[in-house]
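Quick note, in the working numbering, the sequence shown goes up one by one and the last residue is 74. Quick reminder that beta carbons are idealized off the backbone N, C-alpha and C, glycines included. Input: a single structure, listed below in structure tokens.
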Amino acid sequence: MKKKSKKEELSSPHLKTLQKDFEKLQKAGKYLESERKKLKKEKEKIRKKLKKEKQILKLRKQIDRLQKRPKNNS
1 MKKKSKKEEL SSPHLKTLQK DFEKLQKAGK YLESERKKLK KEKEKIRKKL
51 KKEKQILKLR KQIDRLQKRP KNNS
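What follows is the structure in structure tokens.
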């Protein structure tokens, strides 16, 4: 049987913990990326909804303005 040197004994568990930490960070990164994509989609939905609401308000103002305008029957 070969004896492991002190460096190998010390670095091996250290490397294992580093590997586990790295894998956790990768999973966290993937999760955050998926959440970012979800938030982008939600942001676009909200933007579209706001745009529609602004358009509706603009049209209502136009209707009110036209209704208040006196008619010229010539």
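Residue i in three-state terms, based on DSSP
i   : result
K58 : helix
P70 : coil
Rounded straight-line distance, which links the Cα of residue j to that of residue i
i   : j   : result
I63 : L32 : 46 Å
Q55 : K48 : 11 Å
R65 : S34 : 47 Å
L18 : K27 : 14 Å
Neighbourhood of residue i by C-beta distance below 8 Å, restricted to the same chain and skipping five residues each side
i   : result
K43 : none
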